[in-house]
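Chemist: Residue numbers (this note's numbering): 583 to 1177.
In this text, a Cβ means the ideal position worked out from N, Cα and C, and glycines have one as well.
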Ligand code: TEU
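1) In the DSSP output, what is residue 1114 paired with across the bridge?
2) In chain order, what residues of the same chain lie with their CB nearer than 8 Å to the CB of residue 925, ignoring the 5 residues before and after it?
3) Nearest by alpha-carbon distance to residue 760: which of 1138, 780, 698 is it?
4) Compute the Euclidean distance between the alpha carbons of residue 950 and residue 1065, then round it to the nearest angstrom.
5) With a floor of 4 residues, list each alpha helix (DSSP H) that falls wholly inside the segment 818-857, ordered by position along the chain.
6) Determine the burial state of residue 1067: buried for a count of at least 16 other Cβ atoms within 10 Å of its Cβ, exposed for fewer.
7) Should residue 543 be labelled buried (16 or more other beta-carbon atoms within 10 Å of its own) or exposed?
8) Closer than 7 Å: is that where the CB of residue 933 sits relative to any heavy atom of the ligand TEU?
9) Quick one: using the 10 Å Cβ neighbour count with 16 as the cut-off for buried, is residue 815 buried or exposed?
10) Inspect the beta-carbon positions of residue 995 and residue 933 and report whether they are closer than 8 Å.
11) Using C-beta distances below 6 Å, list every residue in its chain close to residue 990, excluding the 5 sequence neighbours before and after it, in chain order.
12) Within its chain, find whatever has a CB closer than 6 Å to the CB of residue 899; leave out the 5 residues flanking it on each side and keep chain order.
13) Below 8 Å on the Cβ atoms is my contact criterion, and I expect residue 762 with residue 741 to pass it. Report the Cβ-Cβ distance as a whole number of Å.
14) Any chance the CB of residue 1180 is under 7 Å from a heavy atom of the ligand TEU?
15) State the start and end residues of the unbroken beta strand (DSSP E) segment that holds residue 953.
16) Please report the distance separating the alpha-carbon of residue 687 from that of residue 603.
17) Use the C-beta contact count for residue 824: other C-beta atoms within 10 angstroms, 16 or more gives buried, fewer gives exposed.
18) Would you mind working out which of 1106, 923, 633 sits nearest residue 1096, comparing C-alpha positions?
19) Determine which residues share a DSSP beta bridge with residue 690 and list them.
20) Report back the beta-carbon spacing between residue 1175 and residue 1140 to the nearest angstrom; my notes put them in contact at under 8 Å.
21) Are there 16 or more other CB atoms within 10 angstroms of the CB of residue 946, so buried, or fewer, so exposed?
22) Span of the beta strand (DSSP E) holding residue 603?
23) Would you mind stating whether residue 796 and residue 689 have Cβ atoms separated by less than 8 Å?
24) When the Cα atoms are used, what is the spatial distance from residue 1102 to residue 1172?
25) For the candidate residues 753, 610, 952, whose alpha-carbon lies nearest to that of residue 1080?
26) Locate the beta strand (DSSP E) running through residue 1133, then write down its first and last residues.
27) With DSSP run on the structure shown, which of helix, strand or coil describes residue 763?
28) Quickly, what does DSSP pair residue 1178 with across the bridge? List them, please.
29) Tell whether a beta-carbon distance below 8 Å holds between residue 884 and residue 859.
30) Nearer than 7 Å: is that true of the beta carbon of residue 763 relative to any heavy atom of the ligand TEU?
31) Between the Cα of residue 772 and those of 787, 801, 685, 645, spot the shortest distance and give me the residue it belongs to.
32) Express the C-alpha separation of residue 649 and residue 641 in angstroms, rounding to a whole number.
33) Is the beta carbon of residue 647 sitting closer than 8 Å to the one on residue 972?
34) Given 8 Å as the limit, is there contact between the segment 664-681 and the segment 605-624, that is, 3 or more CB pairs closer than that?
35) Quick one: is residue 595 buried, meaning 16 or more other Cβ sit within 10 Å of its Cβ, or exposed?
36) How would you label residue 679, buried or exposed, when you count the other beta carbons within 10 angstroms and need 16 or more for buried?
Right under this line is the structure:
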């Protein structure tokens, strides 16, 4: 692809907005939903002043729709109603009203690659082969091997389920249906125009009710290839294979997304972000987010959160990765979007990943705060729409020393451990390896209750009620109340640092949101340093991604004028702007510079 001449993107509200992801079960419980120990919608409303204070413009809530909660709401049984665990439609209306008063917005999670098996759409579809909704899901006849044994239509493996195959046999109608994640999450058939129209109606319903847009769950899985060809064998010996290369960014995906835009999105002023795992090809990415394309505003690209996976493998694998991956990944996508008029989403944490401070830095007592601030400095000074995941602004970390195996709540963690221990029943070594992997990467780590205070249940739910998931044991020191009131000598709490970082980004949005990007150092292993600039002004960010002191030679093209902020002190760092700068462990610096 030839780079475009244009360097500065068109301004738009959704580019400048700070989006805060709420994971509703763990955000805040007022006890108003019907499930004790679960967060609720009134809980979100009760914290709007906190979020406003932080600098948030848009709240994206993970799904709050009616759901049997097999996959924490990513299995929707009624797209038009709220799960009673979370409250009511009226609670959502109230939330939207309260957001409006504060000049804030609500973004919904649209999960339409699949529904719940309890959704009436699927109930009808599975009722008979000639039901009008039969074709709303993906049904295929069985195959048979030479011995006459029944086999699924192809070799795709299931992503989160206990089963191995992505196809589930249905006794009643004697066919298989496709369910990529768990058997309780059957995939919708986007080839069917009536199904697509039904999705458009769902979107209109929520936009008319006051939502400002959607995060679209695995939206790049919606177009499966005709004939359902086998996936290449990447895991020899295993009966089923990861099918990503077959169904991600499939043949009609862009057409279906364009249709969402023509029929619905273009009629409103919306923000959209498509979740798109397993796409790395810049051409495919620009096809969706290029401004000219009119498909989605931005997508979630997975390179940063896949950093510790075995290449091409599934999430629960471990790889030692070089620190330089961070600067390589960020540089690739900063340049890509600038050169092709696309748009980035800036995120490193969500409900599907461990905590960022534990993963990219050092979460020990000595370094946790510095690490969290370093990651804040990076995210608030790179281009793209910024996403903060609940608790990230507090530097919440993974649970240590470990989550007891019986405390895991996520279907992925539970099934993964079950699979390994069933496959190797007499091998404690394998079981320990599986535990170790969960300890580092389970989705549970980011799903623990938000730590609001040092009080009972970390202030997440009323005293005497047991939270649905264990509270991290560091809540007496790591909590919002303590961090908001923190008064240190020339020190900021992680929360105060985030507030300042987000404010600084807004105050200088010409540079940080829209400005050009230049990598300053491709040689020093530990350091990620870059310049952001407009025609008239510039900033330089220097990040030491290591726990050791580094002597860093300031490159001449940095042209730093003055260091204005850093994560070691609340006041401006006193360091030379030329020659060699000593960077402490996990130290980050921000300076003004000549463009
Ligand atoms: O995630 C899809 C996805 O590809 C991952 O981030 C997922 O966590 C990973 O593949 C598991 O190894 C989305 C949602 O964010 C996730 O919570 C849901 O479980 C999933 O879709 C199914 O709806």
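Modeler: Straight from the coordinates:
1) Here residue 1114 corresponds to residue number 532 of the chain shown, with the count starting at 1. Residue 1114 is bridged to 1099, 1121.
2) As a working mapping, residue 925 is identified with position 343 in the chain shown. The residues are 591, 597, 871, 873, 879, 880, 919, 966, 967.
3) The sequence position of residue 760 within the chain shown is 178, counting from 1. The shortest C-alpha separation from residue 760 is found at 698.
4) Your numbering for residue 950 matches position 368 in the chain shown. Your numbering for residue 1065 matches position 483 in the chain shown. Their Cα atoms are separated by approximately 14 Å.
5) Runs found: 826-829, 835-845.
6) Here residue 1067 is taken as the residue at index 485 of the chain shown, counted from 1. Result: exposed.
7) A query on residue 543 cannot be resolved here, the shown segment of the chain reaching from 583 to 1177 and no further.
8) As a working mapping, residue 933 is identified with position 351 in the chain shown. Yes, since a heavy atom of the ligand TEU falls inside the 7 Å radius drawn around the Cβ of residue 933.
9) By one-based count along the chain shown, residue 815 stands at place 233. So residue 815 ends up on the exposed side.
10) Working through the chain shown from its first residue, we reach residue 995 at position 413. Working through the chain shown from its first residue, we reach residue 933 at position 351. No.
11) Translated into the one-based positions of the chain shown, residue 990 becomes position 408. Same-chain partners within the cutoff: 996, 1026.
12) As a working mapping, residue 899 is identified with position 317 in the chain shown. Closer than 6 Å at the Cβ level, and outside the excluded window around residue 899, lie 891, 892.
13) Your numbering for residue 762 matches position 180 in the chain shown. Your numbering for residue 741 matches position 159 in the chain shown. The Cβ separation is near 6 Å, so the contact holds.
14) The first residue shown for the chain is 583 and the last is 1177, placing residue 1180 beyond what the model contains.
15) Here the question's residue 953 lines up with position 371 in the chain shown. Segment 950-963 is the alpha helix (DSSP H) holding residue 953; no beta strand (DSSP E) there.
16) What you label residue 687 is simply residue 105 of the chain shown in a count that begins at 1. What you label residue 603 is simply residue 21 of the chain shown in a count that begins at 1. Inter-residue distance for residue 687 and residue 603 is about 12 Å (C-alpha atoms, whole angstroms).
17) Stepping through the chain shown from its first residue, residue 824 is reached at position 242. Result: buried.
18) In the chain shown, counting from the first residue as 1, residue 1096 sits at position 514. Selected option, being the one with the closest Cα: 923.
19) Counting from one through the chain shown, the residue named residue 690 turns up at place 108. Residue 690 pairs with 796.
20) Working through the chain shown from its first residue, we reach residue 1175 at position 593. Working through the chain shown from its first residue, we reach residue 1140 at position 558. Sure, about 6 Å apart at Cβ, within 8 Å.
21) On the chain shown, residue 946 is found 364 positions in, with the first residue counted as 1. Residue 946 comes out exposed.
22) For the purposes of this step, residue 603 is taken as the residue at position 21 of the chain shown. Here the beta strand (DSSP E) through residue 603 covers 600-604.
23) Residue mapping note: residue 796 aligns to position 214 of the chain shown, counting from 1. Residue mapping note: residue 689 aligns to position 107 of the chain shown, counting from 1. In contact: residue 796 and residue 689 (Cβ atoms closer than 8 Å).
24) Position 520 of the chain shown holds residue 1102. Position 590 of the chain shown holds residue 1172. Approximately 13 Å between the Cα atoms of the pair.
25) Counted from its first residue, the chain shown places residue 1080 at position 498. With distances taken between Cα atoms, residue 1080 lies closest to 952.
26) Walking along the chain shown from the start, residue 1133 turns up at place 551. Residue 1133 -> beta strand (DSSP E) spans 1132-1135.
27) On the chain shown, residue 763 is found 181 positions in, with the first residue counted as 1. Reduced to three states, the DSSP call for residue 763 is coil.
28) Residue 1178 lies beyond the residue range present for the chain, which begins at 583 and ends at 1177; the question has no answer from this structure.
29) One-based indexing of the chain shown puts residue 884 at position 302. One-based indexing of the chain shown puts residue 859 at position 277. Cβ atoms of residue 884 and residue 859: closer than 8 Å.
30) Within the chain shown, numbered from 1, the residue matching residue 763 stands at position 181. For residue 763, the distance from the CB to the nearest heavy atom of the ligand TEU is below 7 Å.
31) Walking along the chain shown from the start, residue 772 turns up at place 190. Taking only the C-alpha atoms, the option nearest residue 772 is 801.
32) As a working note, residue 641 is residue 59 in the chain shown. As a working note, residue 649 is residue 67 in the chain shown. Distance between the alpha carbons of residue 641 and residue 649: 21 Å.
33) Position 65 of the chain shown, counted from the start, is the residue given in the question as residue 647. Position 390 of the chain shown, counted from the start, is the residue given in the question as residue 972. Result no, Cβ atoms of residue 647 and residue 972 do not sit closer than 8 Å.
34) yes
35) On the chain shown, position 13 is the one that residue 595 refers to. Exposed, by the Cβ-count rule.
36) Here residue 679 refers to the residue found at position 97 of the chain shown. Looking at its Cβ environment, which holds fewer than 16 other Cβ atoms inside 10 Å, residue 679 is exposed.
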